[in-house]
Amino acid sequence: MTELKQYSPGAFWNKVMSAVAMAIVVSVTPSAIIGPVFQALADHGAFWASLNMITNLAMYAVPVLCGALAAGQFGFNMIEKTSVALATLIGSGAVAYSAKDQTYTLIGMGDLINTILVTALAIVVIFAVRQYVGSWSIIWDPIIGACVVGGIGTWTYPYVHLISTTVGTFLNQVTKLEPLLMCTILGLAFAVIIATPLSTVGLAYAFSIAGIAGGAASVGITACFFTVAYAVSKVNGKGLVVAMAFGSVKMMLANFLRHPQMLIPIALSGALAGLVDSLPFARMENGAAYAGFGFPVAPINAYTHFHGSVGANLLTVGLMYLVLPTVVALLSYHFCKNVLHIVDENHWYVDLNA
1 MTELKQYSPG AFWNKVMSAV AMAIVVSVTP SAIIGPVFQA LADHGAFWAS LNMITNLAMY
61 AVPVLCGALA AGQFGFNMIE KTSVALATLI GSGAVAYSAK DQTYTLIGMG DLINTILVTA
121 LAIVVIFAVR QYVGSWSIIW DPIIGACVVG GIGTWTYPYV HLISTTVGTF LNQVTKLEPL
181 LMCTILGLAF AVIIATPLST VGLAYAFSIA GIAGGAASVG ITACFFTVAY AVSKVNGKGL
241 VVAMAFGSVK MMLANFLRHP QMLIPIALSG ALAGLVDSLP FARMENGAAY AGFGFPVAPI
301 NAYTHFHGSV GANLLTVGLM YLVLPTVVAL LSYHFCKNVL HIVDENHWYV DLNA
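Those letters in the sequence shown? Residues 1 to 354, by UniProt numbering.
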């Protein structure tokens, strides 16, 4: 435990959150960037269908990568890294076991909040037992990681998952409001939620956020993407800007933890985008399976809900998912930076070599 004490609570959580953020970005980038292309081609042959499956499969690695990368942040050796990874996979809730069929089923990323907690616990436990296991670490670390820490994760999962359930219940109640309030609140809520460990895709699908409500959610998420992309463009490379525009905003989790005021321009841009989306001539629609996505997945699905002129439909979708998010991103960022003075350019810096 002496080695653990060299890290302050802030430094400890910063390392964990940085690792989790990077794990998410690496895992979801294939499906976010090229996933829509393969999804569109999936019905045109087994080859494209297999590429679509492979692309989406990458996101299931999030829990394992969270554990391995977080352990690497603390200089763990290979046995310790893989033991932490075992704990996060088992405790994340990403794998469901059916006693009846004796089968294991991958059900997504699991609960990211529980994954973070299990990751942190596994690191603390490995630090605590290191001086006692010695050369027996090859035997004891995997057992402790999988059976003890992973087991604790499976017990905490139902209770931690109540956070997502509570948020989802609130969002479901919002869908019963009149369009102006509903779209504004959903735009704001989903813009902020996508920047937290909660899953917008899971929430939208589980609580049937669809139709106009789904459109407002996806427009708000896209506004978040563009706001973060514009903000990081001031202090980061172009590659990171593109990644943010395509949905890698969870990479900023550590930044948001250090500077929570960064969520204010994101919330503002989401609310403005949702407000505009509530107007009768601008209302987008999305299915529940797509409402939790932003650009580029959501606009593709939104287009399928239109009828009439192809050109007019493409123009409307382009205005709502490209022009509108860009405008509200610029307004929100500069208002919070130059008028309210609550965010700084350096808040948005991401060290890819950390």
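Quick reminder that beta carbons are idealized off the backbone N, C-alpha and C, glycines included.
Integer-rounded CB distance, given that residue j should sit under 8 Å from residue i
| i | j | result |
| --- | --- | --- |
| Y60 | L106 | 5 Å |
| I90 | A146 | 6 Å |
| G67 | T119 | 6 Å |
| T200 | F207 | That belief does not hold up - the Cβ atoms of T200 and F207 are roughly 11 Å apart, past 8 Å. |
| V343 | M262 | 6 Å |
| I144 | S92 | Not a contact, Cβ separation roughly 17 Å. |
| G311 | A32 | Actually they are not in contact, since the Cβ atoms of G311 and A32 sit about 27 Å apart, beyond 8 Å. |
| G187 | D43 | So it is not a contact: roughly 32 Å between Cβ atoms. |
| A302 | V317 | 6 Å |
| A213 | M182 | 6 Å |
| L279 | S332 | In fact, because the Cβ distance is near 19 Å, the residues do not count as touching under 8 Å. |
| A243 | V20 | Their Cβ separation, rounded to whole angstroms, is 16 Å, which puts A243 and V20 out of contact at 8 Å. |
| H161 | H259 | Wrong, their Cβ atoms sit about 27 Å apart, outside the cutoff. |
Whether residue i touches residue j by CB criterion (7 Å)
| i | j | result |
| --- | --- | --- |
| L112 | P197 | yes |
| A288 | A217 | no |
| G270 | T222 | no |
| A49 | P30 | no |
| P265 | T326 | no |
| Q102 | K15 | no |
| S18 | A229 | no |
| V232 | V219 | no |
| V297 | P36 | yes |
| C224 | I185 | no |
| A94 | G110 | yes |
| A85 | V64 | yes |
| V124 | V149 | no |
| A11 | L69 | no |
| N286 | G215 | yes |
DSSP three-state assignment for residue i, whether helix, strand or coil
| i | result |
| --- | --- |
| G215 | helix |
| N172 | helix |
| N255 | helix |
| F353 | According to the sequence displayed, residue 353 carries Asn and not Phe. In the structure shown, N353 sits in coil (DSSP, three-state: anything other than H, G, I, E or B). |
| N236 | coil |
| A204 | helix |
| T196 | coil |
| S27 | helix |
| I34 | coil |
| S50 | helix |
| A210 | coil |
| Y159 | helix |
| G220 | helix |
| G153 | helix |
| F246 | coil |
| L4 | helix |
| G10 | helix |
| L177 | coil |
| G187 | helix |
Buried versus exposed call for residue i [16 or more other C-beta atoms within 10 Å across all chains shown]
| i | result |
| --- | --- |
| E3 | exposed |
| G292 | buried |
| K250 | buried |
| M53 | exposed |
| R283 | buried |
| A87 | buried |
| G274 | buried |
| D141 | buried |
| residue 358 | Absent from the model: residue 358. The displayed extent of the chain is 1 to 354, so no value can be given. |
| V323 | exposed |
| N353 | exposed |
| E178 | exposed |
| T304 | exposed |
| F38 | buried |
| P9 | exposed |
| G75 | exposed |
Proximity test, Cβ basis, 7 Å: residue i and chain B
| i | result |
| --- | --- |
| M320 | Of the protein chains in this structure there is only one, and it is not chain B. |
* Where are the beta strand (DSSP E) runs, 3 residues long or more, that stay fully inside the segment 60–145, in chain order? -> 95–98 and 103–106
* Of all the alpha helix (DSSP H) runs that stay within the bounds of the segment 258–345, which reach a length of 4 or more residues? -> 263–277, 297–303, 310–318 and 324–334
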